[in-house]
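Chains as they are written, first to last, in the numbering used here: chain Y, 1 to 203; chain D, 1 to 203; chain R, 1 to 203; chain V, 1 to 203.
Positions of the beta carbon are idealized from the N, C-alpha and C atoms, including for glycine.
None of the values given here were measured: they were computed from a predicted structure.
First comes the structure, then the notes that go with it.
Number of protein chains: 4
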Amino acid sequence: MPLTALVLSCTLKKSPAESSATLIGQEFLDALRDHDVIGELLRVVDHDVKFGVTTDEGDGDAWPRIREKMLGADILVIATPIWLGQPSSVAKMVLERLDAELGETDDEGRMSTYNKVAAVAVVGNEDGAHHVTAELLQALNDTGFSIAANGSTYWVGEAMKATDYQDLDPKPAKTVSTTQTAAANSAHLARLLSSQGYPPAST
Amino acid sequence: MPLTALVLSCTLKKSPAESSATLIGQEFLDALRDHDVIGELLRVVDHDVKFGVTTDEGDGDAWPRIREKMLGADILVIATPIWLGQPSSVAKMVLERLDAELGETDDEGRMSTYNKVAAVAVVGNEDGAHHVTAELLQALNDTGFSIAANGSTYWVGEAMKATDYQDLDPKPAKTVSTTQTAAANSAHLARLLSSQGYPPAST
Amino acid sequence: MPLTALVLSCTLKKSPAESSATLIGQEFLDALRDHDVIGELLRVVDHDVKFGVTTDEGDGDAWPRIREKMLGADILVIATPIWLGQPSSVAKMVLERLDAELGETDDEGRMSTYNKVAAVAVVGNEDGAHHVTAELLQALNDTGFSIAANGSTYWVGEAMKATDYQDLDPKPAKTVSTTQTAAANSAHLARLLSSQGYPPAST
Amino acid sequence: MPLTALVLSCTLKKSPAESSATLIGQEFLDALRDHDVIGELLRVVDHDVKFGVTTDEGDGDAWPRIREKMLGADILVIATPIWLGQPSSVAKMVLERLDAELGETDDEGRMSTYNKVAAVAVVGNEDGAHHVTAELLQALNDTGFSIAANGSTYWVGEAMKATDYQDLDPKPAKTVSTTQTAAANSAHLARLLSSQGYPPAST
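This is how it looks when you write it as structure tokens:
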């Protein structure tokens, strides 16, 4: 039975602008398909997600619909650009919305995100991928996701250069194989957890 | 001659909701007044600031007007809540907009933010102030601001507790004196730089 | 069949000095025992670990012996104090030594750390646990470890206070239950991976 | 009258091993000389600095002698390699020793580091400079140092590449000019603060 994935592209740019973060997010989704995981990519800024830390901020908030997709997925991938060496504000907005899951637990104290795997894909002109990964992994693990071995991929250029990932052709081999490994491992872990989830805390 | 300050509160909550970040930002502004610095506090989410990394994203973008205030101020204070141990998405949005200053240099290669001082005020229910400060200081220094000795203040509660800063009465003495020191030092440094600014890079 | 764990306490203080990081590390080990995981705690500064990024820096380096224990364990727990809002230098030294595992892969490109789970336990007088967790999780995931849902525990006091975790009696209930959850989830994940490890990258 | 600088190279490798961090530290010192700042570079691992958070850990601790040089300097430059996207453990050890300055204040509550400027120089094979800068600036500002506009410099290569900074010839123009700017601004700020230091907190 196939698993499902949701990729949230956290670019600052609305469609149809080209977006390197969206591209690496799509590549991650493609790599997951090799492991019998189907899914979709969603560009967050194309939707009216509100700032906040609840599951529904009202007033036309688009998060509840995205949250439904997240709850239905086995794997959540956050794809983000780097700005000033840090995750995008849109990625931070998504993490804040996921913070609400800390209060959404079952009778056994397990969050609705338990048994899901999170992965990270990061691109920037230069520098910042490891730190962006750190920020995202910590926040995603705090909010209940598990992380597979080598559960992230990235590309950045040399210091102070301005090349965009989307303009590279072909894509750097190291990033391609890192994406494949992250996808393979995330799929494996998600498959294990989908059939053998975390026990209740009281067990 | 008085100096001027702009405090940007990066709470996620629109007015008139109570906001601890706004409160500590106001306290910072009050402390600056003792050192002959006048200014104003602006709650960013009350304005329609767009995601982006340019000085003007068009389409009703409120940033250009805020940017004018920033350019007119000697001191910029970023006041932010902590979410998941990290700066708020609104603070990140502000930093991304300041990123545009990297391209706004004079004939001598100096950014429009040179000779301005940045300071930071952070509050959260628990944990995260040092890291939030690190993220903000690095990004503000990257975008041309100088940082005075002990140029930040903060309050957080004990691990996993839920008290809000705004509900503390009186305010903790350590945070009060830390705010006073950060304000005094920022005012001193801003005064020095307003009369004796950085020389051209070529000097 | 029981699993095994290795807890590395990254306190700056040699034995027999009291150490809060060692204490929470021991509590994590105790919590693991409830899930049929046996193991040992090792205080890194009691051993002559050299600075470096290889598996053996020579000259009496104590890391190779610690590395053997790590390779024999299913779960690695890093317990660290917070200094200046950041992980201890000893924790950083350990991560740098683990960096060598990036070059130690099997015929299928899998690191020697694959199928192991890492967890984190953090204590400080005040502030910094989330960021320390972020730094450690990213580095541990980079070097091949998987992370269970809510795979960390911590305690810190109120801002600018000086209480030590080891002086709290009884221990705060929230930290106790967070440690239990992190241990339960880490044991569950390690058990899954010990019998159903990551497939070769080429599969 | 010339100012003085102390550059602490936080490479993991003892002399006479080649070290990119030492090289960029030396380049920073050279750039400072153009602004009438003289000084010296010290490779920390060549000295027996102990782990700890006091001014003197005893037992042959080399820090007190380094600390004397730091107290005599107007500018402190931390030069560090990047490992796993983070500052070196040696840099962290130095920051922990500087933490002791929080307790070393004059009658007016000013640390012994007040009126000194800190700057940062970072190199790595790939990725991590912004975050390393963030960690260092926050810790150095916490411990009393001021930060000049654009007070850091760095070089890193493209993602997952292995080139060393020391093997680049000529050095990348962007890094060279960034080092010059950081040095010029740090010298300017140090000169201002050496004659017009921070007032007592009570003023």
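{"Check": "Span of the beta strand (DSSP E) around V:I78", "Outcome": "I75 to W83"}
{"Check": "Sequence-distant residues of its chain with Cβ nearer than 6 Å to D:D164 (five each side left out)", "Outcome": "S20"}
{"Check": "Sequence-distant residues of its chain with Cβ nearer than 6 Å to Y:D36 (five each side left out)", "Outcome": "P2"}
{"Check": "At least 3 beta-carbon pairs within less than 8 Å: the segment 130–137 of chain V vs the segment 83–93 of chain V", "Outcome": "yes"}
{"Check": "Under 8 Å (Cβ pairs) to chain V, residues found in the segment 127–148 of chain R", "Outcome": "E135, Q138, A139, D142 and T143"}
{"Check": "Length of the line joining the Cα atoms of Y:L192 and Y:T105", "Outcome": "21 Å"}
{"Check": "One or two residues paired with V:Q86 in a DSSP bridge", "Outcome": "V:W83"}
{"Check": "Sequence-distant residues of its chain with Cβ nearer than 7 Å to Y:S112 (five each side left out)", "Outcome": "L71, E101 and E104"}
{"Check": "C-alpha distance - R:A204 paired with R:L140, whole-angstrom precision", "Outcome": "Residue 204 of chain R is absent from the model: chain R starts at 1 and stops at 203."}
{"Check": "Euclidean distance between Cα positions of Y:A79 and R:T181", "Outcome": "28 Å"}
{"Check": "Chain D contact for R:W155 (CB, 7 Å cutoff)", "Outcome": "yes"}
{"Check": "Spatial neighbours of V:K14 in its chain, beta-carbon cut-off 8 Å, leaving aside the 5 residues before and after", "Outcome": "R43, V45 and D46"}
{"Check": "CB contact check: R:Q86 to chain Y, cutoff 7 Å", "Outcome": "no"}
{"Check": "Identity of the residue in V:I82, V:N185 and V:Q196 nearest V:G157 by Cα", "Outcome": "V:I82"}
{"Check": "Distance CB(Y:F28)-CB(Y:V77) smaller than 7 Å", "Outcome": "yes"}
{"Check": "Partners in chain D for Y:S89, counting only beta-carbon separations shorter than 7 Å", "Outcome": "F51, S89, K92, M93 and E96"}
{"Check": "Partner residues on chain R for D:A159, Cβ-Cβ distance less than 8 Å", "Outcome": "A129, Y154, W155, V156, G157, P172, K174 and T175"}
{"Check": "Euclidean distance between Cα positions of D:D107 and D:V117", "Outcome": "21 Å"}
{"Check": "Where R:V122 falls: helix, strand or coil (DSSP)", "Outcome": "strand"}
{"Check": "Inter-residue spacing [alpha-carbon to alpha-carbon] between V:A62 and Y:P64", "Outcome": "58 Å"}
{"Check": "Test: D:D167 CB closer than 7 Å to a CB of chain Y", "Outcome": "no"}
{"Check": "Below-7 Å beta-carbon distance, V:W63 vs any chain R residue", "Outcome": "no"}
{"Check": "Same chain, Cβ closer than 6 Å to Y:K50, neighbours up to 5 away in sequence not counted", "Outcome": "E57 and D61"}
{"Check": "Element boundaries [alpha helix (DSSP H), containing Y:R65]", "Outcome": "W63 to G72"}
{"Check": "V:T143 versus V:S152: straight-line alpha-carbon distance, rounded", "Outcome": "17 Å"}
{"Check": "Spatial neighbours of R:T54 in its chain, beta-carbon cut-off 6 Å, leaving aside the 5 residues before and after", "Outcome": "A100"}
{"Check": "Alpha-carbon spacing of R:A119 relative to D:S177, whole angstroms", "Outcome": "37 Å"}
{"Check": "Extent of the continuous beta strand (DSSP E) to which Y:S15 belongs", "Outcome": "That residue, Y:S15, is in no beta strand (DSSP E); it is neither H nor E in DSSP."}
{"Check": "Counted within 10 angstroms of its Cβ, other Cβ atoms place R:D74 as buried (16 or more) or exposed", "Outcome": "buried"}
{"Check": "C-beta atoms of V:D127 and Y:A17 nearer than 7 Å", "Outcome": "no"}
{"Check": "As assigned by DSSP and simplified to three states, the class of Y:Y154", "Outcome": "strand"}
{"Check": "Proximity below 7 Å, CB of R:Y154 to CB of D:A159", "Outcome": "yes"}
{"Check": "Residues in the segment 177–188 of chain Y having any Cβ partner in chain R nearer than 9 Å", "Outcome": "S177, Q180, T181, A184, N185 and H188"}
{"Check": "Whole-Å CB distance - D:L6 paired with D:G39, under 8 Å assumed", "Outcome": "6 Å"}
{"Check": "Coarse secondary structure for V:L42, derived from DSSP in three states", "Outcome": "strand"}
{"Check": "In DSSP terms, what Y:V53 is bridged to", "Outcome": "Beta-bridge pairing links Y:V53 to no other residue."}
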